[in-house]
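There are 2 protein chains.
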Amino acid sequence: MATRTRNTERLSRERIVEAAVELLDTTGEDGLTFRALSAHLRTGPGAIYWHVANKGELLDAATDAVLTRGMTGEAATGTPQEVIRAIALVLFDAIDEHPWVGAQLSDGPWRSVTLQICERIGQQIQRLGVPGAEQFMAASAVMLYILGAARQNAANARMNPPGADRAAILATQAAAWEGLDPEGFPFLRHVAGQMREHDDREQFVAGLDLILVGITGLA
Amino acid sequence: MATRTRNTERLSRERIVEAAVELLDTTGEDGLTFRALSAHLRTGPGAIYWHVANKGELLDAATDAVLTRGMTGEAATGTPQEVIRAIALVLFDAIDEHPWVGAQLSDGPWRSVTLQICERIGQQIQRLGVPGAEQFMAASAVMLYILGAARQNAANARMNPPGADRAAILATQAAAWEGLDPEGFPFLRHVAGQMREHDDREQFVAGLDLILVGITGLA
DNA sequence: ACCTGAACACCGTTCAAGT
DNA sequence: ACCTGAACACCGTTCAAGT
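Those sequence lines, one after another, are chains A and B.
When you line the first sequence up against the UniProt record's numbering, it's residues 1 to 219, in that order.
When you line the second sequence up against the UniProt record's numbering, it's residues 1 to 219, in that order.
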């Protein structure tokens with residue numbers, strides 16, 4: 001019985017995408033390489049191209065897989081505001097857990113999953129009684145905020161070493177702002193202290209609520 | 001008199017960054033290469049490394065240059081809402097004109113230019129009479145929306161061929177939505193027609209105004 | 001101090017050859 | 001039909017050598 005160094009399990013688009021997600025999660029965006037991926041799948045780099053057209057498509061598929069996984073829980077119920085908040089948090093958490101999704105999201109905004117998200121949000125906008133002419137605008141604003149803010153948060157998280165002490169980072173940040181020139185930066189100096197008890201996720205929802213207040217005013 | 005193929009003008013960080021911006025604008029993100037850049041500057045790839053640490057720093061510097069250029073006009077005056085709108089539009093237009101800036105913005109969010117933007121917005125939040133405990137939250141929400149939405153818009157613009165017919169693109173988009181399953185996508189089908197007279201820039205401001213309504217409610 | 005350009009280690013992608 | 005892995009064209013970055 002020879003040592004098995006060869007691939008026994010068949011290759012498939014699903015296995016490839018799954019491995020890609022794993023690689024992206026563990027080694028970051030730069031870690032996803034056709035060589036690393038094929039090694040992980042015990043095959044050659046060329047084999048992947050039989051199932052996936054190129055790296056862009058692979059990244060799209062990985063993004064889609066993660067977001068779909070997140071969005072397929074049972075739909076939230078409650079007031080329109082509550083449903084929108086729930087959708088927003090699902091996306092926030094998905095992007096927070098898989099930061100590379102954020103960078104990818106900009107490229108294909110109106111496809112598959114994003115389309116469903118847009119639809120769900122739009123339905124809640126309608127439930128709020130927003131007049132027809134302003135429904136599209138309101139839904140767009142919510143989408144832009146959610147995706148933009150979630151991505152920004154992920155980018156922030158990616159900047160500091162993984163598993164770093166959050167409190168320490170915030171304290172450093174706060175100290176930096178407190179050290180700013182009081183003439184040029186009165187506002188930042190004034191709010192610097194609030195950095196210390198800052199919670200990204202809470203802040204994200206609070207911002208969303210501001211938009212929802214504005215939307216409610218349209219009804 | 002021999003043909004001058006060599007560099008006569010001295011290299012400098014400014015000239016390099018300027019050339020990088022030019023290359024990014026004309027050939028896109030993939031067009032910025034140390035080889036292409038050094039050819040453009042009539043020198044070797046290694047020469048650039050004397051003035052710039054690496055490609056990341058070069059992209060940061062290019063982003064900074066473009067945003068600073070945009071933000072250094074005379075400060076807008078008027079109501080807090082008007083000033084915030086003016087700042088937002090300056091950023092929107094800068095990112096619209098240099099789409100690569102959008103992709104870059106996520107990486108270094110609290111440095112130099114971004115810090116100034118945050119400060120200016122915060123000052124307007126204070127003028128609106130928002131209580132201290134909520135000033136930071138309100139300013140963050142505005143920042144997140146502006147940067148996120150502007151970036152998303154740039155990504156959209158980057159997707160279709162440069163100089164393409166806007167009306168045709170919107171019509172195609174609208175037609176696609178009108179072709180959706182009316183059972184699964186009632187909202188998108190309902191608003192599909194609005195795509196045809198859709199204006200990104202107007203929509204961007206309208207969304208911002210929703211947040212401003214919410215913020216005004218805090219005062 | 002500043003520039004040169006060959007060289008290194010890597011990458012995405014292709015493709016003749018195998019099964 | 002599907003997989004293999006060497007090869008191609010490219011990239012960021014380094015560095016001994018020049019001025």
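Each residue gets a CB set at the ideal place from its N, CA and C atoms; glycine is no exception.
If you're wondering where the values come from, they're calculated on a predicted model, not measured in any experiment.
C-alpha gap between residue i and residue j, whole angstroms
i	j	result
Met1 (chain A)	Asp25 (chain A)	Unreliable positioning characterises Met1 (chain A) in this predicted model, as indicated by a pLDDT of 38, which lies under 50. A coordinate reading is not provided.
Ala174 (chain B)	Glu197 (chain B)	10 Å
Leu212 (chain A)	Leu37 (chain B)	47 Å
Val205 (chain A)	Ile87 (chain A)	11 Å
residue 277 (chain B)	Leu170 (chain A)	The question about residue 277 (chain B) has no answer here: the residues shown for chain B are numbered 1 through 219.
Leu210 (chain A)	Gly214 (chain B)	4 Å
Glu22 (chain B)	Arg166 (chain B)	25 Å
Pro131 (chain B)	Asn153 (chain B)	32 Å
Thr77 (chain A)	Ala219 (chain A)	21 Å
Gly217 (chain B)	Leu208 (chain B)	14 Å
Pro109 (chain B)	Asn156 (chain A)	Note on Pro109 (chain B): pLDDT 49, under 50, position unreliable in the model; the coordinate value appears next. When rounded, the distance between both Cα atoms is 7 Å.
Asn54 (chain B)	Gly46 (chain B)	11 Å
Gln116 (chain A)	Ser140 (chain A)	13 Å
Arg120 (chain A)	Cys118 (chain B)	32 Å
Thr43 (chain A)	Thr68 (chain A)	28 Å
Three-way DSSP call (helix, strand, coil) for residue i in this model
i	result
Phe136 (chain A)	helix
Glu57 (chain B)	helix
Tyr49 (chain A)	coil
Val213 (chain A)	helix
Phe34 (chain A)	helix
Phe204 (chain B)	helix
His40 (chain A)	helix
Thr172 (chain B)	helix
Ala150 (chain A)	helix
Phe92 (chain B)	helix
Gly122 (chain B)	helix
Pro99 (chain A)	coil
Glu74 (chain A)	coil
Pro182 (chain A)	coil
Pro80 (chain B)	helix
Ala164 (chain B)	coil
residue 232 (chain A)	Nothing in the structure corresponds to residue 232 (chain A), since chain A is present only between 1 and 219.
Pro109 (chain B)	In this predicted model, Pro109 (chain B) has a pLDDT of only 49, less than 50, meaning its place in the structure is not dependable; the value taken from the coordinates is given anyway. Of the three classes helix, strand and coil, the one that applies to Pro109 (chain B) here is coil, per DSSP.
Asp199 (chain A)	coil
Ala219 (chain A)	coil
Val17 (chain A)	helix
Glu29 (chain A)	helix
Cutoff 8 Å: residue i Cβ touching any chain B Cβ
i	result
Tyr145 (chain A)	yes
residue 220 (chain A)	It is not possible to answer for residue 220 (chain A), since the shown part of chain A is limited to 1 through 219.
Gln152 (chain A)	yes
Ser140 (chain A)	yes
Ala155 (chain A)	yes
Leu210 (chain A)	yes
Gln126 (chain A)	yes
Gln194 (chain A)	yes
Gly46 (chain A)	no
Gly217 (chain A)	yes
Leu24 (chain A)	no
Interface flag, residue i vs chain A, CB-CB below 8 Å
i	result
Pro109 (chain B)	With a pLDDT of 49 at Pro109 (chain B), under the threshold of 50, the predicted position of this residue should be treated as unreliable, though the coordinate-derived value follows. Cβ-Cβ to chain A under 8 Å: yes for Pro109 (chain B).
Gln137 (chain B)	A small fix is needed here, since residue 137 (chain B) is Met in this sequence, not Gln. By this cut-off, Met137 (chain B) is an interface position.
Val213 (chain B)	yes
Gly28 (chain B)	no
Val191 (chain B)	yes
Gly122 (chain B)	yes
Gly129 (chain B)	no
Phe34 (chain B)	no
Arg4 (chain B)	Reliability of the predicted coordinates at Arg4 (chain B) is poor, the pLDDT of 38 falling under 50, and the value obtained from them is presented with this limitation in mind. False, the Cβ-Cβ gap to chain A never drops below 8 Å.
Ala149 (chain B)	yes
Gly31 (chain B)	no
Leu67 (chain B)	no
Leu188 (chain B)	yes
With three or more beta-carbon pairs closer than 8 Å as the criterion, would you say the stretch 187-195 of chain A touches the stretch 177-193 of chain B?
no
Sufficient close CB pairs (3 or more, under 8 Å) joining the stretch 136-148 of chain B to the stretch 146-153 of chain A:
yes
Please determine if the stretch 119-132 of chain B and the stretch 78-90 of chain B are in contact, where contact requires at least 3 C-beta pairs separated by less than 8 Å.
yes
Below 8 Å, how does it come out for the stretch 94-103 of chain A and the stretch 47-55 of chain A: are there three or more Cβ pairs, yes or no?
no
Quick one: which residues of the stretch 161-185 of chain A get their C-beta closer than 7 Å to a C-beta of chain B? List them in chain order.
Phe185
Taking contact to mean at least 3 C-beta pairs separated by less than 8 Å, is the stretch 12-22 of chain B in contact with the stretch 56-68 of chain B?
Yes, the stretch 12-22 of chain B is in contact with the stretch 56-68 of chain B.
Of all the residues that make up the stretch 198-209 of chain B, which are near chain A by a beta-carbon distance shorter than 9 Å?
His198, Glu202, Gln203, Phe204, Ala206, Gly207, Leu208, Asp209
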